[in-house]
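*Asks:* Residue numbers (this note's numbering), protein chains in the order written: chain G, 325 to 682; chain A, 4 to 384; chain Z, -12 to 125.
First, the structure itself, so that you have it in front of you.
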Amino acid sequence: MWSLENISHSIDNWLYNTFDPTVAMLVEFLVVAFCVIGLFAMLGLVLIMMERKVSAWMQVRLGPNRVGPGGMFQTVADTLKLIVKEGMTPLNVDKFLFNLAPFIVMIVSMVVMAPLMFAKGIQIWDINIGILFITAVSSVSVIGILMAGWASNNKYSLLGAMRSGAQIVSYELSAGLSVLSIVVLTGSLRISDIVNSQSNGWWIFKGHIPAVVAFVIFIIAVTAETNRAPFDLAEAESELTAGFHTEYSGMKFALFFLAEYVNVFIVCAIGATLFLGGWMPLHIGNWTAFNHIMDYVPTFLWFFGKTFFLIFVIMWFRWTFPRLRIDQLLNLEWKYLLPISMLNLLFVTVITILKWHF
Amino acid sequence: MYRETQIISDNSILASPDVEGDLVINVGPQHPATHGVLHLVITLNGETIKRVDPHLGYIHRSIEKMCESLSYRQFIYVTSRMDYLSAHINNHGCALCVEKGLQVEVPPRAQVIRVLMDELTRLASHQLWWGAMAMDVGALTPFFLAFREREMINDIMEETCGARLTMNYMVPGGVMVDIHPNFQRRVHEFISHFRNKIDEYDELVTGNVIFQNRTKDVGYISREDAISYGMSGPSARGSGVQCDIRKLYPYEVYAKLQFDEIIETAGDSFARYMVRMKEMRQSLSIVEQLIDNIPPGDFQAKTKAVLKLPKGEFYSRVETARGELGVYITSEGATTPYRIKFRSPGFSNLSALDHMARGAKIGDLVAMMGTLDLVIPDIDR
Amino acid sequence: MPSANFEEQQWLNVNVDHNEWPGLAKSLRDHPDLNFDYLFCLTCIDWKTHLTMVYHLESTQHRHILVVKSKLDRTQPDIETVSGIWRTAEFHEREVYEMFGVKFRNHPDLRLLILPDGWEGKSPLRKDFEDPVNMVKL
């Protein structure tokens, strides 16, 4: 069958047979790099469009519908605009940090894509500490944000960046603990092991109560981590400060903007991998006939379907809930989410030892 | 957050921008959260507000001076531009003042039409307030829902009065033209549609835990302070002050109608919010009571073409969507007024913002301003 | 009771000398039978020979209304502030100061409110204010 796995294997074989191993490896690097950048760009286009259409649907209006059939090329137009916009650098900024910050945020998003499994066998790097790698590298984006706020030479940007930084660092704890719950259930940090362990059912079903609790906490925590929806005080339009990216314009702003949406994709991809089975089709225990039918849908469709469903839920949050104040936000994390996730981890460990899951 | 009801002398705080570590920032005049051009200069200590100093005048059009050279028939329409969300009610107040001077009796049909238009305007104003308030605290969807309902009222107004925002419909003696034949049918449709929507509004925003946390215990003002600051309207009724002019000094047919004056005692932003939500229901019930009982007859009393008020002073008070509007005409017997003073509700409500905001966090300022429902052209005149 | 004379118009009017106003104001608010705690309108009228300050007071408890008027000298209009008694007067008196030029003694913060910078002393609402560029008189 024309599965992605076969295509990638055949390209791999052809390269190694035709060229020197080192050259083949370099060519593969380039191919993977282009794929990732291409995916990045494509995701940016699709997600921004999706956000606008979903928000329009919820607000009883149409959304962009002039540029292209059904408004499909709106984001292309927006990207062109951002590229040709004048990139103003304010007067007394720290030039090196100012220019570096958007790149750090973007590079982090790209690197985090390495361990993710997009389909059966499609993974850039199946490192044995997969999920730990993801959690660790995504923490580095805070540095980019703080850099942007500091280097902007603007007290409002600094305020916004500080708030963002505090928010992200706090919510990483809860996110990490919910991720740990699934790692405990699986017994391995490797992404492919986690997905393979869901071949008889997704963890959100198999791990009943603690997995559902972990899932809810995970969704709340990643919404806060990506500075979205009810937790977007740092960049809200009707609040005082316009956030850490006030002073950026043109292409640099485009990079921040893009990185934010790709971050949403990545955290939803992680959620889909851990809780909803990644590329694994919906299998129910030993119902082999049902499982076999589910296998006919290509695995990359399963993966992207689940991820986009979670993205839709996160977008739904944005247009439904009012914003939390910064102290209420931090309150929520330190007084409620963190104790609950710690207890949940304990509970999950007990369940795993006693094998009380499906 | 609960303060003593003593009058504080603020001379010490005036010097505070020189205190080390204080930040002075500007909110506005162009800002998505200030409804209109309001420039607030805020002195912050960290995240806590020490002083709020409003700088007004960005939309000052010297209406009071202008009215001294406009005739008694003309000056009414300048007031639509003052508080444009309660345009009918502003015009009504001016017309009442002129009628007091002329000792003219308004026919019953005109009275009922005026009250109907007033209450529909109050509903439209509260709808816009609700949408804008939700948008300020971050929920972006209710804005569109509110405007969808407001469109229905705007369409009704357009059919009868000819305009959607500044409906120049009231004249001294009655209304300018009779209501359109479709008026009753469309208002009936609106009532049945909106009755369900109010419950939807409550579900979407009022019951939301995040929203309640943003507005409860925020912006407290006690009853005595509210009276001392001259607050009126729903902002004062949220602190327990009984100040509904429609109940205390009824004008037109309000004395014969069945409706409640909504009073909440909590004094915080959530109480003011609830007062307006409940007022929407009351306005809806007033419209329902009147829409089938419009008496036949004249829609305008006979008055001379050129009006001259006798020498003296006349004051009329009406309840706009924001509070008590006072129209104070001093006349010397000429065809133009000698001096008009418009006592606008927003002016006094704004003076309480400084008192409410002391000691609060900067994120609360937006919630407070939202519930005070300020319309800046009303303040600047 | 200070010297005052009464007129009947729409509501009871009391004319008070501007030096006696502060004492009267305090007793109007504090006396249990009067209890005028709601100052709902504070303004000034320019009669070409003098200025008149007008205060509209209401009691939220007894629901009676009183109008207090005070004549001021046109060349040197000067009156004590009541913003310590009714807090709403703070903004209203600033507006009267900028529009009519009335100085309020002991006002905590007497400066321009609605007019932009540079209009100090111009008193636009006075009858003798002329602005040939912008004003159109009927």
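Ideal Cβ placement from N, Cα and C applies to all residues, glycine included.
Contact check, G/Tyr585 vs G/Ile372 under 8 Å by CB: the rounded distance?
*Replies:* As a working note, residue 585 of chain G is residue 261 in the first sequence. As a working note, residue 372 of chain G is residue 48 in the first sequence. Indeed they touch by this definition, with Cβ atoms about 6 Å apart.
*Asks:* If you draw a straight line from the C-alpha of G/Lys679 to the C-alpha of G/Leu513, how long is it?
*Replies:* Mapped onto the first sequence, residue 679 of chain G falls at position 355. Mapped onto the first sequence, residue 513 of chain G falls at position 189. So the two alpha carbons sit approximately 19 Å from each other.
*Asks:* Would you kindly work out how many angstroms separate the C-alpha atoms of A/Ser238 and G/Val370, rounded to a whole number?
*Replies:* Looking up residue 238 of chain A in the second sequence gives position 235. Looking up residue 370 of chain G in the first sequence gives position 46. In a straight line, the C-alpha of A/Ser238 is about 45 Å away from that of G/Val370.
*Asks:* Determine the chain A residues that contact G/Gln491 at a beta-carbon separation under 7 Å, and present them in chain order.
*Replies:* Numbered from 1 along the first sequence, position 167 holds the residue referred to as residue 491 of chain G. The premise fails here: G/Gln491 is roughly 13 Å from chain A at the closest Cβ pair, so nothing lies under 7 Å.
*Asks:* Measure the C-alpha to C-alpha separation of G/Gly574 and A/Gly39 and round it to an integer number of angstroms.
*Replies:* Position 250 of the first sequence, counted from the first residue, corresponds to residue 574 of chain G. Position 36 of the second sequence, counted from the first residue, corresponds to residue 39 of chain A. The alpha-carbon atoms of G/Gly574 and A/Gly39 are separated by roughly 30 Å.
*Asks:* How many Å lie between A/Leu168 and A/Ala127 at the Cα?
*Replies:* Along the second sequence, read from residue 1 onward, the residue named residue 168 of chain A stands at position 165. Along the second sequence, read from residue 1 onward, the residue named residue 127 of chain A stands at position 124. Straight-line Cα distance between these residues: approximately 10 Å.
*Asks:* Counting only Cβ pairs nearer than 7 Å, list the residues of chain A close to Z/Ile32.
*Replies:* Position 45 of the third sequence holds residue 32 of chain Z. In chain order: Thr333 and Arg342.
*Asks:* Are any of the Cβ atoms in chain A nearer than 8 Å to that of G/Thr644?
*Replies:* For the purposes of this step, residue 644 of chain G is taken as the residue at position 320 of the first sequence. Answer yes: the Cβ-Cβ gap between G/Thr644 and chain A drops below 8 Å somewhere.
*Asks:* Does the segment 245 to 264 of chain A come close enough to the segment 344 to 358 of chain A to have 3 or more Cβ pairs within less than 8 Å?
*Replies:* Verdict: no, contact absent.
*Asks:* Please classify A/Asn94 as buried or exposed, where buried requires at least 16 other C-beta atoms within 10 Å of its C-beta.
*Replies:* Here residue 94 of chain A refers to the residue found at position 91 when the second sequence is read from its first residue. By the 10 Å Cβ count, A/Asn94 comes out buried.
*Asks:* Does any residue of chain Z have a CB that is nearer than 8 Å to the CB of A/Glu383?
*Replies:* Within the second sequence, residue 383 of chain A is the residue found at index 380, counting from 1. Checking the sequence shown, residue 383 of chain A turns out to be Asp, not Glu. Chain Z, which has a Cβ nearer than 8 Å to the Cβ of A/Asp383, makes this yes.
*Asks:* Name the residues in the segment 69 to 93 of chain Z whose C-beta lies less than 7 Å from a C-beta of chain A; which are they?
*Replies:* So the close ones are Gly71, Trp73, Arg74, Thr75, Glu77 and Phe78.
*Asks:* Could you list which residues in chain Z have their beta carbon closer than 7 Å to that of A/Ile248, in chain order?
*Replies:* Start at 1 with the first residue of the second sequence, and residue 248 of chain A comes out as number 245. What A/Ile248 touches in chain Z: nothing, since even the nearest Cβ is about 10 Å away.
*Asks:* To the nearest whole angstrom, what separates the beta carbons of A/Leu131 and A/Ala149, a pair I think is in contact under 8 Å?
*Replies:* Along the second sequence, read from residue 1 onward, the residue named residue 131 of chain A stands at position 128. Along the second sequence, read from residue 1 onward, the residue named residue 149 of chain A stands at position 146. Indeed they touch by this definition, with Cβ atoms about 6 Å apart.
*Asks:* Which partner residues does A/Met170 have in the DSSP bridge list?
*Replies:* As a working mapping, residue 170 of chain A is identified with position 167 in the second sequence. Bridge partners of A/Met170: none, in fact.
*Asks:* Using CA coordinates, which residue listed in A/Phe147, A/Ile382, A/Met120 and A/Leu123 is at the minimum distance from A/Trp133?
*Replies:* Residue 133 of chain A sits at position 130 when you count from the first residue of the second sequence. Closest by alpha carbon: A/Phe147.
*Asks:* Rank Z/His18, Z/Asp4, Z/Asp17 and Z/Ile72 by C-alpha distance to the C-alpha of Z/Met40 and give the top, closest one.
*Replies:* For the purposes of this step, residue 40 of chain Z is taken as the residue at position 53 of the third sequence. Of the candidates Z/His18, Z/Asp4, Z/Asp17 and Z/Ile72, the one whose C-alpha sits nearest the C-alpha of Z/Met40 is Z/Asp4.
*Asks:* Would you call the segment 310 to 317 of chain A in contact with the segment 275 to 288 of chain A, where contact means no fewer than 3 C-beta pairs closer than 8 Å?
*Replies:* No: fewer than three Cβ pairs fall under 8 Å.
*Asks:* What does G/Met382 touch in chain A if you count any residue whose Cβ is under 7 Å from its own?
*Replies:* Against the first sequence, residue 382 of chain G aligns to sequence position 58. Here the neighbours are Thr144.
*Asks:* For Z/Glu45, which of helix, strand or coil comes out of DSSP?
*Replies:* Walking along the third sequence from the start, residue 45 of chain Z turns up at place 58. Strand.
*Asks:* Check each residue of the segment 26 to 57 of chain A: if its Cβ is closer than 8 Å to any Cβ of chain Z, include it; give the result in chain order.
*Replies:* If the cut-off is 8 Å between Cβ atoms, the segment 26 to 57 of chain A has nothing near chain Z.
*Asks:* Which of helix, strand or coil does DSSP assign to Z/Met40?
*Replies:* The residue given as residue 40 of chain Z occupies position 53 in the third sequence. It is a strand residue.
*Asks:* For the segment 346 to 364 of chain A, list every residue whose C-beta sits within 8 Å of some C-beta in chain G, in sequence order.
*Replies:* From the segment 346 to 364 of chain A, only Lys364 have a Cβ closer than 8 Å to chain G.
*Asks:* Which term fits Z/Asp104, buried or exposed, when burial requires 16 or more other beta carbons within 10 angstroms of its beta carbon?
*Replies:* For this step, residue 104 of chain Z is matched to residue 117 along the third sequence. Z/Asp104 is exposed by the Cβ-count criterion.
*Asks:* Tell me, please, whether the CB atom of A/Tyr87 is closer than 8 Å to any CB atom in chain Z?
*Replies:* The residue labelled residue 87 of chain A in the question sits at position 84 within the second sequence. Judged by the 8 Å Cβ criterion, A/Tyr87 is not in contact with chain Z.
*Asks:* Using a beta-carbon distance cut-off of less than 9 Å, what residues from the segment 626 to 657 of chain G approach chain A?
*Replies:* So the close ones are Arg642, Trp643, Thr644, Phe645, Pro646, Arg647, Leu648, Arg649, Ile650, Asp651 and Gln652.
*Asks:* Taking C-beta pairs closer than 9 Å, name the residues in chain Z that A/Phe147 reaches, listed in chain order.
*Replies:* As a working note, residue 147 of chain A is residue 144 in the second sequence. What A/Phe147 touches in chain Z: nothing, since even the nearest Cβ is about 34 Å away.
*Asks:* So what does DSSP say about G/Phe555, is it helix, strand or coil?
*Replies:* As a working mapping, residue 555 of chain G is identified with position 231 in the first sequence. In this structure, G/Phe555 counts as helix in the three-state DSSP scheme.
*Asks:* What's the gap between the Cα of G/Arg647 and the Cα of Z/Leu11?
*Replies:* Looking up residue 647 of chain G in the first sequence gives position 323. Looking up residue 11 of chain Z in the third sequence gives position 24. About 50 Å.
*Asks:* Helix, strand or coil for Z/Ser110, going by three-state DSSP, please let me know.
*Replies:* Here residue 110 of chain Z corresponds to residue number 123 of the third sequence, with the count starting at 1. Z/Ser110: coil per DSSP, three-state reduction.
*Asks:* If we ignore side chains and look at the alpha-carbon of each, how far apart do G/Ala583 and G/Pro426 end up?
*Replies:* The residue labelled residue 583 of chain G in the question sits at position 259 within the first sequence. The residue labelled residue 426 of chain G in the question sits at position 102 within the first sequence. Distance between the alpha carbons of G/Ala583 and G/Pro426: 8 Å.
*Asks:* G/Thr413: which of G/Thr623, G/Thr570, G/Val429 and G/Met437 sits nearest, CA to CA?
*Replies:* Reading the first sequence from its first residue, position 89 is the one you call residue 413 of chain G. Of G/Thr623, G/Thr570, G/Val429 and G/Met437, the residue nearest in Cα terms is G/Thr570.
*Asks:* Are G/Phe542 and G/Ala499 closer than 8 Å when you measure CB to CB?
*Replies:* Position 218 of the first sequence, counted from the first residue, corresponds to residue 542 of chain G. Position 175 of the first sequence, counted from the first residue, corresponds to residue 499 of chain G. Contact: yes.
*Asks:* Which two residues bound the contiguous beta strand (DSSP E) that contains A/Tyr331?
*Replies:* Within the second sequence, numbered from 1, the residue matching residue 331 of chain A stands at position 328. Here the beta strand (DSSP E) through A/Tyr331 covers Glu327 to Ser334.
*Asks:* Between Z/Ile101 and chain A, is any beta-carbon pair separated by less than 8 Å?
*Replies:* In the third sequence, residue 101 of chain Z corresponds to position 114, counting from 1. Cβ-Cβ to chain A under 8 Å: yes for Z/Ile101.
*Asks:* Under a CB-based cut-off of 8 Å, is G/Pro554 close to chain A?
*Replies:* As a position in the first sequence, residue 554 of chain G is number 230, starting the count at 1. At least one chain A Cβ lies under 8 Å of G/Pro554.
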